[in-house]
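Trainee:
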Amino acid sequence: MEKPILEMKSITKEFPGVKALDDVTFSVRKGEIHCLVGENGAGKSTLMKVLSGVHPYGSYSGDIFVEGELQKFNSIRESENAGIAIIYQELALIPELSVYENIFLGNELTNGIVIDSNESIKQAVEILKKVGLDVNPLTKIKDLGVGKQQLVEIAKALKKEVKILILDEPTAALNETDSDNLLHLIQGLKDQGVTCILISHKLREVLAIADTVTVLRDGKTVVTLDAHKDVVNEPILIKHMVGRSIDNVYPKREKKPFGKETLRLEKWCAYSYALGRDILKEINLNVHAGEIVGIAGLMGSGRTELAKSIFGNPDHFRVSGKVFIDGVEQKFRDPADAIKASLAYVTEDRKGNGLILIDDVRHNITLANLKEITEGGVINENEEILVANQYRTQLGIKTPSIEQKVRNLSGGNQQKVSLGKWLFVHPGVLILDEPTRGIDVGAKYEIYTLMNSLVDQGMSILMISSELPEILGMSDRIYVMSAGRINGEMPAEDATQEAIMELAVDY
Amino acid sequence: MEDSKQTTSKTDRFKSLLDIMKMNISDYFMFFALVVIMIFFTITTDGVFISSRNISNLINQMGYIAVLAVGMTLIIVIRHIELSVGYLAGFLGAFAAIAMTFWGWPVFAVIPAVMVLGMLAGMLTATPVAKLGVPAFVSTMAAGLVYRGALLLVTMGTGTIVIRDPIFNAIGNGFIPDLPFLGGILPGRHKLTLIFGLIAIILYIISAIRGRKTKKSYNFTVTNPGLFIVQLVVISALIGYIAWILSGYNGISWSLVILMLVVLVFQFITTKTPLGRHIYAVGGNPEAAELSGISVSKITYIVFGAMGLLASLSGIMYASRLRSATTTAGLGFETDAIAAAFVGGVSAAGGVGTIIGSIIGALVMMSLTSGMNLMGIDISIQYIVRGLVLVLAVVFDRITRRNR
Numbered sequence: 001m002e003k004p005i006l007e008m009k010s011i012t013k014e015f016p017g018v019k020a021l022d023d024v025t026f027s028v029r030k031g032e033i034h035c036l037v038g039e040n041g042a043g044k045s046t047l048m049k050v051l052s053g054v055h056p057y058g059s060y061s062g063d064i065f066v067e068g069e070l071q072k073f074n075s076i077r078e079s080e081n082a083g084i085a086i087i088y089q090e091l092a093l094i095p096e097l098s099v100y101e102n103i104f105l106g107n108e109l110t111n112g113i114v115i116d117s118n119e120s121i122k123q124a125v126e127i128l129k130k131v132g133l134d135v136n137p138l139t140k141i142k143d144l145g146v147g148k149q150q151l152v153e154i155a156k157a158l159k160k161e162v163k164i165l166i167l168d169e170p171t172a173a174l175n176e177t178d179s180d181n182l183l184h185l186i187q188g189l190k191d192q193g194v195t196c197i198l199i200s201h202k203l204r205e206v207l208a209i210a211d212t213v214t215v216l217r218d219g220k221t222v223v224t225l226d227a228h229k230d231v232v233n234e235p236i237l238i239k240h241m242v243g244r245s246i247d248n249v250y251p252k253r254e255k256k257p258f259g260k261e262t263l264r265l266e267k268w269c270a271y272s273y274a275l276g277r278d279i280l281k282e283i284n285l286n287v288h289a290g291e292i293v294g295i296a297g298l299m300g301s302g303r304t305e306l307a308k309s310i311f312g313n314p315d316h317f318r319v320s321g322k323v324f325i326d327g328v329e330q331k332f333r334d335p336a337d338a339i340k341a342s343l344a345y346v347t348e349d350r351k352g353n354g355l356i357l358i359d360d361v362r363h364n365i366t367l368a369n370l371k372e373i374t375e376g377g378v379i380n381e382n383e384e385i386l387v388a389n390q391y392r393t394q395l396g397i398k399t400p401s402i403e404q405k406v407r408n409l410s411g412g413n414q415q416k417v418s419l420g421k422w423l424f425v426h427p428g429v430l431i432l433d434e435p436t437r438g439i440d441v442g443a444k445y446e447i448y449t450l451m452n453s454l455v456d457q458g459m460s461i462l463m464i465s466s467e468l469p470e471i472l473g474m475s476d477r478i479y480v481m482s483a484g485r486i487n488g489e490m491p492a493e494d495a496t497q498e499a500i501m502e503l504a505v506d507y
Numbered sequence: 001m002e003d004s005k006q007t008t009s010k011t012d013r014f015k016s017l018l019d020i021m022k023m024n025i026s027d028y029f030m031f032f033a034l035v036v037i038m039i040f041f042t043i044t045t046d047g048v049f050i051s052s053r054n055i056s057n058l059i060n061q062m063g064y065i066a067v068l069a070v071g072m073t074l075i076i077v078i079r080h081i082e083l084s085v086g087y088l089a090g091f092l093g094a095f096a097a098i099a100m101t102f103w104g105w106p107v108f109a110v111i112p113a114v115m116v117l118g119m120l121a122g123m124l125t126a127t128p129v130a131k132l133g134v135p136a137f138v139s140t141m142a143a144g145l146v147y148r149g150a151l152l153l154v155t156m157g158t159g160t161i162v163i164r165d166p167i168f169n170a171i172g173n174g175f176i177p178d179l180p181f182l183g184g185i186l187p188g189r190h191k192l193t194l195i196f197g198l199i200a201i202i203l204y205i206i207s208a209i210r211g212r213k214t215k216k217s218y219n220f221t222v223t224n225p226g227l228f229i230v231q232l233v234v235i236s237a238l239i240g241y242i243a244w245i246l247s248g249y250n251g252i253s254w255s256l257v258i259l260m261l262v263v264l265v266f267q268f269i270t271t272k273t274p275l276g277r278h279i280y281a282v283g284g285n286p287e288a289a290e291l292s293g294i295s296v297s298k299i300t301y302i303v304f305g306a307m308g309l310l311a312s313l314s315g316i317m318y319a320s321r322l323r324s325a326t327t328t329a330g331l332g333f334e335t336d337a338i339a340a341a342f343v344g345g346v347s348a349a350g351g352v353g354t355i356i357g358s359i360i361g362a363l364v365m366m367s368l369t370s371g372m373n374l375m376g377i378d379i380s381i382q383y384i385v386r387g388l389v390l391v392l393a394v395v396f397d398r399i400t401r402r403n404r
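Here the protein sequences come in this chain order: A and B. With the working numbering applied, the first sequence corresponds to residues 1 to 507, in that order. With the working numbering applied, the second sequence corresponds to residues 1 to 404, in that order.
Below, the structure written as C-alpha cells:
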C-alpha cells in the first residue's frame, strides 16, 4: 500500500459556540481520487480550509503532514507553495479579464516590470491543453459558459506544480454534459499523478470516480471506505451521512384528482435586450391546483428566465403572450403585482437574490408580506415574532433564534427560510427554482415532504430542477425545455431520465 | 428543587444578557465612546465643557449637520451617497433669504416652500440613479456643482444677504419661552425645559411598561423585573440630566426641537413601518427586495427625496444661525454628515446603520470640535484628530462585525 501523501491527524477546529471539526483524521494516498462527502455543515469545507491555510496554523489543533512532513500553513500562499491547490464552489474569476489574465492573476509573468503578455499567452495555451479546453486565451471570462469557466479555474490551479488538487462542489453549477467532461478531466489528472480531493453532494459522481470515500458527519469522521474493496453504494453512503437510512428519497403522496387550472401560459415569448435575442419562444403550459409540474432542461434552456418573466418580469425582458391565473388574464408590471395575484417564486440563487443575508430570520420571513402584520401603518413586532416562530417550527428551521442572521445558517436552513418567506404570502401557485440545490439529503427529504403537504392542501407547484431523479420523483407532469421552447410534455409515470434527456438536448 | 431551578434560570439569563451585550458591542460602543469623550473634555476644561452654556451651544452648532446625517444614513443604507446636499442646503438657505428679503414672502410660506423645493431637488438628483443606474456618486456630484453655481449666481449681485426676520432667525438662535408665572421656584432654571424633561420621562416609562405588558400577553419572555427597573431608572436619569443641564442656560433651543422631531419621525419610520423595512431590505439585497415585491426605484426616490427635504431644513437652520445667506454656505456639510453617519456605524456595503447611531456619531464629532476649541487646540490638529477618530471608529466597527 502506498504511503499517504496527506495525513491530517486529530484536527479540531472550533468557532465561537460551535465545534466545526472534532478530532477528525483524514488520510489521502498518493495518486488517488478521494471523495469527501457529508451533509451540509458536516465540516467538509472547514476541513479543506484548515488544509489550505485559510484557517491558519494555531487556529485549530492537530497536525497536518504532507509527504510525511509536518506543515504549519499560515496562509493560502504557503499551502500553494507546498503543492496544494483548492478550487471553491463559487468561482473566483474576474469576468472582465481574459482567460490568460485570469490564469496568471496574482502571479503575472513579467520582464522585470512590464507584464509579458506573449509569454503568458504561450504558457496559457499549454496549461489549457492540460485541461482539454480549446478556447482563445484572449477571450473574456464573461463570454464563456459556466462549464468552461470551471475548467479555466482548474487551469489556473494547475499552472504551478500541484500535488494535491481540492475541488469543492465543482459540478454544482454544471449541467450533465459539462459535469461529465469535468469528471473525465479529473480522472485524466489522476493519470498524470495529481492527487484529487473532491467534495460533492452528487453521490452518483462520487460512486463513478472515487478510489476512496470519507464520510464526515457533525464534524467527525464517520468512515473511510475503499471503493475497490468495500461495498460502496448510494444507500450505504446516505446511511453514513445522515446516521439513519432513508428508505425512500422521494416521499410518496396520495394520488388525488387535481383541482381547477391555476396557471396557464399561452404563446409566452420573451426577448432579452441584454443578450439581444429571444430567450423564450411560444411557451404554452398549465398547472392545476394540487399538482406538481416539473420543468426539466439543461442550463441555459431558459427555465429561470421563464419563471422570472412570469413573476412580474424584474429583468425587463420584452414579453408577449398571455398569462392566466385562476382563469383570469393578468398583466404584471412588477413582482409586487405577481405576489398580489397569489404567485410566489423561491429563487434558484438564495444567497444572490433570495434572502437578505445580513438580516435575521424573522425579517426575512415577513418581508414579502409585511402588510399582514401591519396595523395602522405600524408593524406589530409581536405578531411578527409569532409568525416567524410558526414557520420555524413548521419547516424545522434549525437556528438558535429567529433573531439569528440568515448568513449564519446552513444552506438547507437558508432554503427553508426562503420557503417560509414565500409560504407567508399564502400563494396559490408556488414556483420553486432548484429547490434542493446544494443542500443535504436530510433537508431535501424535509422539503419534499413539505411540497407534498402543500399540494395536498390544494396549492400548485411549478418546480424547475436540474436533477432528473428529483423531477421524476416529485412531479405529476413534466415539461422539458430546450433553447427557450417547450420540447415535450409527459406524465411522470411515462417519463424516464433517457426520454427527458433526449428532449433536452434536441435543439 | 424549585430553588435550584430558579438559580439556573437566573444565571442563564445573566449569561444570555452577557451574550447580548457582546453581540451588540459595536452598537453600544459609540455611545460609550461619546461618554468617555465628554468626561475627558469635562476634566481637561475644568468642567466648562459640560456647562449648560457649552452643551446648549454644541447642540445648536450640531443641528444643521445632524439633520443631514439622518438623511445621509438612509442614503448610505441603500448603498448610495449624496454629495450635493451641502450646496443644496446653501442654495436653499439663500433662496429663503431672497424670498423673505427681496420678495417679501412671509416666513411661514418660505419654510414649507423651501422644504418642498428641497424634496423635489433630491428626487431630481435620484432620477438618473433610480431609472438608469447612474452611480449616485456622479449624479449627486454633478448636482452639487449645479447648486454651487446657482448659489453664486443668486448671491452674485448682493454678496451676503442679511436676514432680518426675527421668527426665521429664532430657528437657529432662539429658545422655547419659559413659563413666567413659575418665576419663584428654582431660580435661574428654565422651568418649561424641566417640565418637558419630566413629560418625556413619564411618556418613556409608560411606553416601556406597555410594551412589556403586550409582550407578556403574547407569552414572550421579557427581561426580568429587576433589570427592567434598572433600565427604566438609567434612561430616565439620562433624560432628566440632559433636561437639567439645558435648563441651566436658556432651555431647549428651537434647533433642538427641530432635530428631535426629525429624529423621532425618522426613527419611527425606519424601525416601525413597512417603508423602513423596505429601505433596509433594498440596502441589504436589492435583487431580493425587488423579487419580494419592493420597488427599488421607488425606495430610491423616497430616500433621496427625504434627503433633499432634510437638506432644506439644514439650509434653513444654518442661514438662520448666521442671520444671513452667504456665498460659501453649505461648504463641506456633506462631508461632515457622511463622517457622522460612518462614526455612527453605517456600513457602506448597505443595509446597516441606524438613525440614533448617526446622531451619536454627529455628537461625537461635534464634541471633539467643541472640546478641542475650549482647550485652545489649533485647528490643524483638530482636523487630524477628527480624521483619526473617523477611521478608528470605522476600523473598530469592521473588526467587531467580522467576528459575528
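For every residue, glycine included, the Cβ atom is placed at its ideal position computed from N, Cα and C.
#1: Counting only the same chain and skipping the five closest in sequence on each side, list residues whose C-beta sits under 6 angstroms from that of glycine 357 of chain B.
#2: Three Cβ pairs or more, each shorter than 8 angstroms: is that satisfied between the segment 358-374 of chain A and the segment 420-431 of chain A?
#3: What residues in the segment 317-348 of chain A bring their beta carbon closer than 9 angstroms to a beta carbon of chain B?
#4: Of all Cβ atoms in chain A, is any one closer than 8 angstroms to the Cβ of phenylalanine 220 of chain B?
#5: Please classify aspartate 360 of chain A as buried or exposed, where buried requires at least 16 neighbouring CB atoms within 10 angstroms.
#6: Where alanine 495 of chain A and glycine 488 of chain A are concerned, what is the direct C-alpha to C-alpha distance, given to the nearest angstrom?
#7: From which residue to which residue does the alpha helix (DSSP H) around valine 278 of chain B run?
#8: Would arginine 303 of chain A and asparagine 286 of chain A qualify as a contact pair, given that the criterion is a beta-carbon distance under 8 angstroms?
#9: Tell me which same chain residues have a C-beta within less than 7 angstroms of the C-beta of isoleucine 205 of chain B, skipping the five on either side of it?
#10: Taking only beta-carbon positions, decide if glycine 345 of chain B is within less than 8 angstroms of chain A.
#11: Mark glutamine 192 of chain A as exposed unless 16 or more other C-beta atoms lie within 10 angstroms of its C-beta, in which case mark it buried.
#12: Give the straight-line distance between the Cα atoms of glutamine 150 of chain A and valine 222 of chain B, rounded to the nearest whole angstrom.
#13: Excluding the 5 residues flanking threonine 155 of chain B on each side, which residues of the same chain have their C-beta closer than 6 angstroms to its C-beta?
#14: Within 8 angstroms (strictly less), CB to CB, does threonine 509 of chain A reach chain B?
#15: For alanine 368 of chain A, return the contacting residues in chain B, with the cut-off set at a CB-CB distance below 7 angstroms.
#16: Contact defined as beta carbons within less than 8 angstroms: I believe histidine 201 of chain A pairs with valine 222 of chain A. What is the distance between those atoms, to the nearest angstrom?
#17: If I follow the unbroken alpha helix (DSSP H) through phenylalanine 342 of chain B, where does it start and stop?
#18: Let me know the secondary structure DSSP gives serine 9 of chain B once reduced to three states.
#19: Tell me where the alpha helix (DSSP H) around leucine 503 of chain A begins and ends.
#20: Determine the closest residue to isoleucine 171 of chain B out of B:Ser324, B:Tyr147, B:Met372, with distance taken between C-alpha atoms.
#21: In the DSSP output, what is histidine 201 of chain A paired with across the bridge?
#22: Give me the Cα-Cα distance between leucine 174 of chain A and glutamate 261 of chain A, rounded to the nearest whole angstrom.
#23: Measuring only between beta-carbons, confirm whether threonine 73 of chain B sits less than 8 angstroms from chain A.
#24: In terms of DSSP beta bridges, what is serine 253 of chain B paired with?
#25: Can you give the Cα-Cα distance for leucine 198 of chain B and glycine 240 of chain B, rounded to whole angstroms?
#26: Tell me which same chain residues have a C-beta within less than 6 angstroms of the C-beta of lysine 140 of chain A, skipping the five on either side of it?
#27: Can you find the residues in the same chain that come closer than 8 angstroms, C-beta to C-beta, to asparagine 380 of chain A, ignoring five residues on each side of it along the sequence?
#28: How would you write the range of the alpha helix (DSSP H) that valine 318 of chain A sits in, first residue to last?
#29: Quick one: measure Cβ to Cβ for valine 107 of chain B and valine 262 of chain B, integer angstroms, because I've assumed they're closer than 8 angstroms.
#30: How would you list, in chain order, the residues of chain A whose beta-carbon sits under 8 angstroms from the beta-carbon of valine 352 of chain B?
#31: Would you mind sorting asparagine 118 of chain A into buried or exposed? The rule is 16 or more other CB atoms within 10 Å of its CB.
#32: Does the segment 430-439 of chain A touch the segment 397-415 of chain A, meaning 3 or more C-beta pairs lie closer than 8 angstroms?
#33: Cβ closer than 7 angstroms: which chain A residues qualify as neighbours of glycine 284 of chain B?
#34: Distance, Cα to Cα, phenylalanine 258 of chain A vs glycine 276 of chain A?
#35: Please return the same chain residues whose Cβ sits closer than 7 angstroms to the Cβ of valine 385 of chain B, not counting the five positions on each side in sequence.
#36: With DSSP as the reference, label histidine 288 of chain A as helix, strand or coil.
Mentor: Let me spell this out:
#1: As a first step, residue 357 of chain B must be located in the second sequence, where it is residue number 357. Result list for glycine 357 of chain B: Gly344, Gly345, in chain order.
#2: yes
#3: Asp334, Pro335, Ala336, Asp337, Ala338, Ile339, Lys340, Tyr345, Thr347
#4: Against the second sequence, residue 220 of chain B aligns to sequence position 220. Interface residue, yes.
#5: Position 360 of the first sequence holds residue 360 of chain A. Under this definition aspartate 360 of chain A is a buried residue.
#6: Looking up residue 495 of chain A in the first sequence gives position 495. Looking up residue 488 of chain A in the first sequence gives position 488. Near 11 angstroms, if we compare the C-alpha coordinates of glycine 488 of chain A and alanine 495 of chain A.
#7: In the second sequence, counting from the first residue as 1, residue 278 of chain B sits at position 278. Note on identity: in this sequence residue 278 of chain B is histidine, with valine being the wrong assignment. It spans 274-284 - the alpha helix (DSSP H) in which histidine 278 of chain B sits, taken as one unbroken run.
#8: One-based indexing of the first sequence puts residue 303 of chain A at position 303. One-based indexing of the first sequence puts residue 286 of chain A at position 286. Contact flag unset, no.
#9: If you number the second sequence from 1, residue 205 of chain B lands on position 205. Excluding residues within five positions, the ones whose Cβ falls inside 7 angstroms are Leu232, Ser236.
#10: In the second sequence, the residue the question calls residue 345 of chain B occupies position 345. Not an interface residue.
#11: As a first step, residue 192 of chain A is located in the first sequence; it is residue number 192 there, counting from the start. Classification of glutamine 192 of chain A: exposed, given that the 10 Å Cβ count is below 16.
#12: Residue 150 of chain A sits at position 150 when you count from the first residue of the first sequence. Residue 222 of chain B sits at position 222 when you count from the first residue of the second sequence. So the alpha carbons of these two residues sit roughly 52 angstroms apart.
#13: The residue given as residue 155 of chain B occupies position 155 in the second sequence. Once the five neighbours on either side are set aside, the close Cβ partners of threonine 155 of chain B are Ala94, Thr327.
#14: Residue 509 of chain A falls outside the range modelled here, since chain A spans only 1 to 507, and no answer is possible.
#15: Reading the first sequence from its first residue, position 368 is the one you call residue 368 of chain A. Ser292, Gly293, listed in chain order.
#16: Locating residue 201 of chain A in the first sequence gives position 201, counting from the first residue. Locating residue 222 of chain A in the first sequence gives position 222, counting from the first residue. Not confirmed; about 16 angstroms, so no contact.
#17: Residue numbering aside, residue 342 of chain B sits at position 342 when the second sequence is read from its first letter. That run of the alpha helix (DSSP H) goes 333-343.
#18: As a first step, residue 9 of chain B is located in the second sequence; it is residue number 9 there, counting from the start. Confidence at serine 9 of chain B is low in this model, with a pLDDT of 48, below 50, so the placement of that residue should be treated as unreliable; the coordinate-derived value is given next. Three-state DSSP puts serine 9 of chain B in a helix.
#19: Taking the first residue of the first sequence as position 1, residue 503 of chain A is located at position 503. That run of the alpha helix (DSSP H) goes 497-504.
#20: The residue given as residue 171 of chain B occupies position 171 in the second sequence. Cα-wise, what sits closest to isoleucine 171 of chain B is B:Ser324.
#21: For the purposes of this step, residue 201 of chain A is taken as the residue at position 201 of the first sequence. Its beta-bridge partners do not exist; DSSP assigns none.
#22: Your numbering for residue 174 of chain A matches position 174 in the first sequence. Your numbering for residue 261 of chain A matches position 261 in the first sequence. Roughly 34 angstroms between the two C-alpha positions.
#23: The count along the second sequence starts at 1 and reaches residue 73 of chain B at position 73. Chain A, which has no Cβ nearer than 8 angstroms to the Cβ of threonine 73 of chain B, makes this no.
#24: Locating residue 253 of chain B in the second sequence gives position 253, counting from the first residue. Paired residue(s): B:Phe175.
#25: The count along the second sequence starts at 1 and reaches residue 198 of chain B at position 198. The count along the second sequence starts at 1 and reaches residue 240 of chain B at position 240. Taking the straight line from one Cα to the other gives about 7 angstroms.
#26: One-based indexing of the first sequence puts residue 140 of chain A at position 140. Excluding sequence neighbours, lysine 140 of chain A sits near Ser98.
#27: As a first step, residue 380 of chain A must be located in the first sequence, where it is residue number 380. Closer than 8 angstroms at the Cβ level, and outside the excluded window around asparagine 380 of chain A, lie Ile373, Thr374.
#28: Within the first sequence, residue 318 of chain A is the residue found at index 318, counting from 1. It should be pointed out that residue 318 of chain A corresponds to arginine in this sequence rather than to valine. Looking at the DSSP string, arginine 318 of chain A is not in any alpha helix (DSSP H); the run it does join, the beta strand (DSSP E), is 318-325.
#29: Indexing the second sequence from 1 puts residue 107 of chain B at position 107. Indexing the second sequence from 1 puts residue 262 of chain B at position 262. Not a contact, Cβ separation roughly 19 angstroms.
#30: The sequence position of residue 352 of chain B within the second sequence is 352, counting from 1. Per Cβ cutoff of 8 angstroms: Ile358.
#31: By 1-based counting over the first sequence, the position of residue 118 of chain A is 118. The residue is exposed, with fewer than 16 neighbouring Cβ atoms inside 10 Å.
#32: yes
#33: Translated into the one-based positions of the second sequence, residue 284 of chain B becomes position 284. Under the 7 angstroms cutoff, chain A gives Ile356, Ile358, Asp359.
#34: For this step, residue 258 of chain A is matched to residue 258 along the first sequence. For this step, residue 276 of chain A is matched to residue 276 along the first sequence. In a straight line, the C-alpha of phenylalanine 258 of chain A is about 40 angstroms away from that of glycine 276 of chain A.
#35: Residue numbering aside, residue 385 of chain B sits at position 385 when the second sequence is read from its first letter. Cβ within range, chain order: Leu368, Met372.
#36: Numbered from its first residue, the first sequence carries residue 288 of chain A at position 288. Reduced to three states, the DSSP call for histidine 288 of chain A is strand.
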